[in-house]
Amino acid sequence: MTTRTRRLALTVNGEAVSREVPVRQNLVDFLRHDLGFTGSHVGCEQGACGACTVVLDDETVRGCLVLAVQADGCDVRTIEGSGDLLGDLRQSFHELNALQCGFCTPGMMLSAEELLQANPTPSRQEIRDYLSGNFCRCTGYQAIVDAVAAVAAKRQGGAAS
Amino acid sequence: MSIGASVPRDRARRLLLGRGNYVDDIALPRMLHLALVRSPYAHANVGTIDIADALALPGVVAIFTAEDLEDAVSSWRAEHKLFPAMAAPKQFALARDVVRWQGEAVAAVLGNSRAEAEDGAELVSVAWNELPAVTDANQALAPDAPILHDDMDNNLAFQTQVTAGDVETAFNEADHVEQETFRFHRHSGVSLEPRGIIAEFEPSESRLTVHQSHQTPHQQQDLYARLLALPEHKVRVICPDVGGAFGLKHHLMADELVACAAARLLERPVKYIADRLESFLADVHCRDHEITARMAFSATGEILGIQLDDLFNAGAYGQYPRSSIAEGNQISRLTGAPYRHQHYRADVRMAFLNKSILGHIRSVGHPIACAVAERLVDLGAETLGLDPIEVRRKNYLNGDDFPRTSAGGVEFEQLSFNGCLDKALEIVDMTEFRREQAELRAQGIYRGIGVATFVELTAIGPEYYGEGGQHISAQETCLLRLEASGTVRCYTGTTDQGQGIDTGIQQVVADELGVALADIEIISGDSALCPMGGGSWGSRGAALGGEAALRAAATLKQNILNIAASQLQKDPGDLNIDQGVVIDGASGAAHMAVPEIARIGHFQPYSIPDGVSADLTVTERYASRGRMFLAGNGLQTAIVEVDVDSGLVTPLRHVVVHDCGRILNPLLVQEQVRGGVIQGIGAALYEELCYDEDGHLLTGSFADYLVPMAGEMPDIEVAHIETPAKTSELGAKGAGEAGTAGAVGAILNAVNDAIMPFNTSIAETPITPPRLLQALRRI
Amino acid sequence: MKAPNFEYRRPESLTEALELLAQHGDDATIIAGGQSLLALLNFRMAAPELLVDIGRLEELKQITGGADHVEIGGLVRHCDLAASPLIAQTLPLLPQAIGHIAHPAVRHRGTIGGSLAMADPAAELAACCLALDATFSLVSARGQRWVGVGDFFQGVYETALESDEVLTAIRLPKPAPDSVGIFKEVARRQGDFAMAGLAFVTAADSGPRIALLGVADRPMLARRTMAFLKDSPLNEARAKEAVDLIGTEVDPPEDPTYPPAYRRHLVQVLLQRVLMELIQ
């Protein structure tokens with residue numbers, strides 16, 4: 007069987023995109039190779055590691071477990087389109103060295119931001135639990151938890167004043 | 012002062028924005044994608060390979076088998092001249108005639124996309140003839156075992172013995188002998204970014220350019236040039252951002268070499284990215300050992316001797332170019348290293364089996380050497396009714412014992428076992444823990460505490476591979492170039508996969524040169540641009556790369572001062588540089604800005620008198636002399652809770668007291684230790700590559716091969732003691748192995764402490780729930 | 018690994034979907050959330066000719082409450098089920114179980130219908146449906162039929178679904194107001210497949226329903242233990258007997274890492290924990 011393709015139209019990082027794609031191509035491969043948004047990464051292709059985490063219609067999803075054609079008509083945001091949103095997380099991650107090789111980091115930050123939107127005052131264990139679908143091999147997680155907790159505290163501090 | 016400060020990393024900014032540049036992010040014009048046809052069998056003869064159906068697919072461009080690569084790629088043998096008796100069977104980029112591990116590749120399919128190449132690989136038809144497989148060393152070394160390699164009489168790859176004193180007498184005369192049989196199961200490094208390579212060949216120049224997720228670009232340049240018979244000065248290996256390595260990425264891997272060969276034959280760029288299944292199957296594996304060990308004690312707890320037998324389950328071939336010997340070698344030399352015993356014997360037998368190659372993963376051999384000795388100390392203390400902490404203290408090498416050659420033959424300059432223990436006891440209140448432990452036990456809650464003393468060998472000196480005959484640089488070079496603007500480009504032979512050595516070197520240069528951190532750019536990972544070096548492995552970056560950078564910065568500084576002095580009519584010895592300004596050494600008064608010196612040096616050399624050393628591009632080198640390793644040490648304390656109903660082990664708290672000499676950047680070192688600890692906890696509780704009896708991998712995905720995730724892991728406190736290395740000016744030792752070296756031992760001892768009321772023990776990792784419940788006799 | 022080739026159609030109505038399934042039979046595979054199916058495709062462990070994407074059929078995404086039952090559309094996502102006030106109020110067993118399913122990003126796509134149709138023996142929702150005595154609406158171009166949960170799960174990855182049928186809804190009887198639902202499982206890490214799990218639903222008149230996951234080729238009821246616990250007050254002595262009894266009811270499959278004895282033991286541990294919770 008030759009490769010079947012289908013027209014796909016969606017918004018990615020605020021821009022309208024229209025492409026003919028192989029129906030078997032998954033979303034993260036489409037974002038990386040067709041659109042050049044290489045900030046989302048591929049670590050396992052079975053939804054277990056979280057490196058491919060992107061935001062689809064305002065919810066995190068595994069880019070390897072969504073077909074590109076399933077995102078037709080949807081709004082997709084990757085790390086590249088999350089610049090302003092993640093400013094304080096980026097700073098906190100940087101200061102606390104909550105990343106080493108950086109491969110898990112985009113997925114980790116998108117997951118962390120989603121947690122903080124749903125639960126602005128998470129406990130350390132709640133942070134750990136929410137991020138337990140994002141595999142990091144380098145940091146051992148503590149610096150990441152520290153960074154997210156620091157941001158949560160700062161945001162609350164800001165809100166209070 | 013920058014050295015010693017927790018400076019955040021420059022590179023991290025880019026990575027945080029999702030602007031990393033990993034090898035799979037790179038696309039080159041007319042690039043092809045490689046998928047491999049891999050053996051489904053652990054041992055099989057390879058008959059005809061029918062590629063017709065696969066080639067007929069529109070997306071498939073070419074298919075190669077071993078025959079096609081015969082003239083393009085040499086075979087190799089993983090020899091090590093320090094171990095001439097070690098068997099080094101021939102290996103090929105694509106297997107011919109026989110495959111010896113499940114996953115060994117026999118054909119290469121090149122397609123317009125990875126998906127299309129895989130479509131092709133599915134249609135390649137191979138006439139396999141399955142052969143009996145040996146899947147563990149006991150089996151492999153049995154007299155009637157099928158022999159893996161035609162040029163060997165058996166499957167014994169290597170055996171060695173390390174002895175000191177008189178173990179027989181010591182054990183016969185000892186008041187008590189403790190014995191245990193340990194099983195450390197096979198696992199791997201599991202970087203999140205899998206291995207990957209893009210090879211590009213320019214035929215008119217015989218030029219090979221490789222982009223590779225790798226730790227050692229210079230080594231790869233040398234290997235590709237030799238194995239592909241290309242002029243080395245036309246081979247360039249560039250390591251972009253690397254998504255974790257941990258030892259997985261400092262070898263020559265057959266599949267990556269196939270990509271280079273394919274690029275050359277097709278004269279088109281070829282990309283190969285190992286997928287996760289291939290990573291589990293074909294990446295270098297580690298830690299597969301069965302060890303029977305004994306420790307002889309006096310009645311008052313002196314350790315008189317240690318004796319161990321290590322049955323080392325290697326793989327089908329040797330890791331290349333370093334050979335697979337190191338784990339066994341380290342175990343034989345490091346077990347019991349912290350202690351003062353005189354009598355020692357370690358026998359290692361390394362067996363080839365029908366599994367993937369076993370080799371170097373972070374903290375090679377150390378976790379096992381540590382766990383074996385530390386477990387025996389705890390067992391001995393228990394039997395003798397002594398406090399395991401006091402038994403350690405009684406036997407630690409300390410102050411006056413140094414310098415010392417250990418019973419295992421390792422030279423120690425100065426280690427700080429007692430210092431680390433004292434500090435650990437300040438951090439963790441043992442008395443309070445014991446009180447709480449007793450209280451909780453009465454409620455049916457079982458917590459345990461375990462300590463593990465470790466020695467960490469880092470920064471391997473040139474003798475090991477130099478005399479071993481391998482083209483592996485164990486020295487470092489640093490090139491500094493002062494730009495006209497007074498900023499500095501620093502080219503280093505070390506590489507950074509996230510551990511932050513780029514930043515450490517930046518700090519060294521900033522301090523020595525007197526220039527702001529922001530004015531220094533580190534360039535690393537390019538075998539053509541960067542001076543000869545060893546890359547990153549065995550925690551060598553700070554100790555070797557840092558020292559080379561220190562020397563280069565000192566030389567450049569001297570030349571800047573020479574030029575300044577010649578302009579100011581002063582003695583260079585009276586001048587210094589601070590924050591980019593040449594100042595008076597005594598008064599601190601500013602004289603000339605470094606950019607001004609740079610312009611004179613680059614554009615107005617006529618104003619510098621003859622004979623003044625005024626080079627503004629300098630290169631310096633550092634190679635350690637006469638020492639094989641730099642030793643650091645530490646102590647880890649693990650507190651765990653064991654659920655004796657479900658068999659789950661929850662680490663509650665983990666403390667590392669660590670002596671890695673002079674610390675360049677405490678934040679980065681702390682994070683290296685933490686990351687290493689979690690990898691060690693992974694090995695202790697979760698990670699295992701399971702095979703069936705026919706050598707088929709059962710754990711080929713993240714659903715089955717379990718890695719530590721955030722939900723189950725503890726916070727880790729790291730404290731430091733600094734005993735600087737005496738053999739270098741910087742005094743830095745390596746720090747990357749420490750976390751992994753001691754964590755397995757600490758967890759093993761903690762779990763055993765927790766289950767002590769049940770009069771049982773466990774000596775097998777990972778400590779899975781069924782193994783634990785079996786030890787508890789509950790199933 | 019990259020998925021093999023397949024045809025893809027996205028019907029805009031259930032009728033259209035059913036027509037496609039009728040037309041293509043065994044060659045067609047339904048994709049809803051895709052969280053299980055796409056992983057299989059990425060491993061090339063499945064090679065469907067045609068994927069019929071029913072993911073946009075809004076009519077299958079409703080949660081409705083009747084007088085004595087709750088009906089959950091087959092395409093209701095795990096995250097929506099977990100967040101539903103109606104479910105929290107009437108069937109609190111379900112949110113307990115959903116917290117164990119994978120991770121948030123997966124729960125944003127995975128559906129209850131998809132999970133039940135996949136029929137993994139360790140699936141949380143399958144065991145819950147068994148404990149809650151669900152009936153499933155299976156719809157094809159030939160019409161609709163209701164299949165009881167006991168008949169639905171037929172083996173590992175095997176259900177009563179014909180190749181042309183869609184699981185459109187799950188109907189769950191509303192438990193009595195005093196009914197208690199407790200879900201527990203033992204997994205190595207947050208979100209992992211459980212090594213064993215137990216869904217316990219009390220019912221004053223008919224006795225408890227105890228559904229087990231991970232210990233057979235499908236979710237199973239511990240019938241003898243259920244009968245034993247019915248009609249008698251629960252105390253520590255009865256609980257101990259029940260725990261012994263449930264151990265004799267399970268015959269877990271062989272597994273290289275988790276031997277049958279281990280899973281059997283876990284079932285006992287889980288029941289022990291549930292019963293102690295009920296006693297207190």
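Residue numbers (our numbering), protein chains in the order written: chain A, 7 to 167; chain B, 12 to 790; chain C, 18 to 297.
Don't be surprised by glycine CBs; every beta carbon is placed ideally from N, CA and C.
For residue i, the nearest candidate out of the options (CA to CA)
i, options, result
"Leu-39 (chain B)", "B:Leu-159, B:Asn-149, B:Val-221", "B:Val-221"
"Arg-281 (chain C)", "C:Glu-202, C:Thr-32, C:Asn-252", "C:Glu-202"
"Thr-710 (chain B)", "B:Asp-21, B:Phe-195, B:Phe-212, B:Glu-699", "B:Glu-699"
"Leu-111 (chain C)", "C:Glu-182, C:Ile-187, C:Arg-205", "C:Ile-187"
"Gly-544 (chain B)", "B:Thr-488, B:Val-72, B:Ile-460, B:Thr-303", "B:Thr-488"
"Phe-109 (chain A)", "A:Thr-44, A:Gln-148, A:Gln-123", "A:Thr-44"
"Ser-217 (chain B)", "B:Val-246, B:Phe-94, B:Met-639, B:His-196", "B:Val-246"
"Asp-321 (chain B)", "B:Thr-192, B:Glu-289, B:Arg-373, B:Leu-408", "B:Thr-192"
"Leu-72 (chain C)", "C:Ala-177, C:Glu-88, C:Ala-64, C:Arg-26", "Correcting the residue identity first, residue 72 (chain C) is Gly in this sequence and not Leu. Nearest C-alpha to Gly-72 (chain C): C:Arg-26."
"Asn-19 (chain A)", "A:Asp-81, A:Gly-146, A:Ala-57", "A:Asp-81"
"Ala-554 (chain B)", "B:Asp-703, B:Gly-643, B:Ala-357, B:Glu-607", "B:Gly-643"
"Phe-576 (chain B)", "B:Ile-471, B:Ala-185, B:Val-605, B:Arg-445", "It is worth fixing the name first, because residue 576 (chain B) is Ala in this sequence and not Phe. Ala-576 (chain B) has its Cα closest to that of B:Val-605, out of B:Ile-471, B:Ala-185, B:Val-605, B:Arg-445."
"Asp-75 (chain B)", "B:Glu-141, B:Thr-180, B:Ser-657, B:Val-120", "Per the sequence shown, residue 75 (chain B) should be read as Phe rather than Asp. When each option's Cα is compared against that of Phe-75 (chain B), the closest is B:Val-120."
Under 8 angstroms between C-beta atoms of residue i and residue j
i, j, result
"Asn-118 (chain B)", "Val-48 (chain B)", "Reading off the sequence, residue 118 (chain B) comes out as Ala, not Asn. Going by C-beta atoms, Ala-118 (chain B) is nearer than 8 angstroms to Val-48 (chain B)."
"Glu-748 (chain B)", "Glu-467 (chain B)", "yes"
"Glu-532 (chain B)", "Arg-500 (chain B)", "yes"
"Pro-236 (chain C)", "Phe-170 (chain C)", "yes"
"Gly-419 (chain B)", "Tyr-476 (chain B)", "no"
"Asp-147 (chain B)", "Leu-364 (chain B)", "yes"
"Val-248 (chain B)", "Ser-538 (chain B)", "yes"
"His-196 (chain B)", "Thr-751 (chain B)", "no"
"Asn-406 (chain B)", "Glu-313 (chain B)", "yes"
"Leu-137 (chain A)", "Met-114 (chain A)", "yes"
"His-262 (chain B)", "Gly-370 (chain B)", "yes"
"Pro-725 (chain B)", "Pro-780 (chain B)", "no"
"Ala-168 (chain B)", "Ala-362 (chain B)", "yes"
"Arg-636 (chain B)", "Gln-481 (chain B)", "no"
DSSP beta-bridge partners of residue i
i, result
"Ser-199 (chain B)", "B:His-296"
"Leu-792 (chain B)", "Here chain B has residues from 12 to 790 only, and residue 792 (chain B) is not among them."
"Asn-644 (chain B)", "B:Val-466, B:Asp-670"
"Ser-154 (chain C)", "C:Trp-163, C:Ala-186"
"Asn-587 (chain B)", "B:Ile-594"
"Pro-192 (chain A)", "Coverage of chain A is limited to positions 7 through 167, which leaves residue 192 (chain A) absent and any answer about it impossible."
"Trp-87 (chain B)", "B:Gln-102"
Problem - Residues of the segment 117–130 of chain C with Cβ closer than 8 angstroms to any Cβ of chain A, in chain order - result: Ala-119, His-120, Pro-121, Ala-122, Val-123, His-125, Arg-126
Handout entry: chain A contacts from the segment 500–515 of chain B (Cβ-Cβ distance under 8 angstroms)
Key = Gln-508, Gly-509, Gln-510, Gly-511
Handout entry: Contact residues within the segment 113–140 of chain B, judged by C-beta distance below 8 angstroms to chain C
Key = Ser-124, Arg-125, Ala-126, Glu-129, Asp-130, Glu-133
Problem - Unbroken stretches of the beta strand (DSSP E), 3 residues or longer, contained in the segment 324–375 of chain B - result: 354–362
Exercise for the section: Could you please tell me which residues of the segment 707–740 of chain B, in chain order, have their CB closer than 7 angstroms to any CB of chain A? Expected result: Ser-712, Phe-713, Ala-714, Val-718, Met-720, Ala-721, Gly-722, Met-724, Asp-726, Ile-727
Handout entry: Contact residues within the segment 268–279 of chain C, judged by C-beta distance below 7 angstroms to chain B
Key = Taking 7 angstroms as the Cβ-Cβ cut-off against chain B, the residues of the segment 268–279 of chain C that qualify are Pro-273, Thr-274, Tyr-275, Pro-276, Ala-278, Tyr-279.
Practice task
Can you give me, in chain order, the residues of the segment 81–103 of chain A that have a beta carbon less than 7 angstroms from any beta carbon in chain C?
Solution key: none
Handout entry: the segment 38–63 of chain B: positions lying closer than 8 angstroms to chain A by Cβ
Key = Ala-38
Handout entry: Contact residues within the segment 138–150 of chain A, judged by C-beta distance below 8 angstroms to chain B
Key = Ser-138, Gly-139, Asn-140, Phe-141, Cys-142, Arg-143, Cys-144, Thr-145, Gly-146, Tyr-147, Gln-148, Ala-149, Ile-150
Practice task
Check distances from the C-beta atoms of the segment 269–286 of chain B to those of chain A and list, in chain order, the residues that come in under 9 angstroms.
Solution key: Ile-284, Asp-286
Problem - Contact set between the segment 633–652 of chain B and chain A, restricted to residues whose Cβ is under 7 angstroms from the partner - result: none
Problem - Short-range partners of chain C found in the segment 10–34 of chain A, where Cβ spacing is below 9 angstroms - result: Arg-10, Arg-12, Pro-28, Val-29, Arg-30, Gln-31, Asn-32
Handout entry: Contacting positions in the segment 247–260 of chain B - beta carbon closer than 9 angstroms to chain A
Key = Asp-252, Val-253, Gly-254, Gly-255, Ala-256, Phe-257
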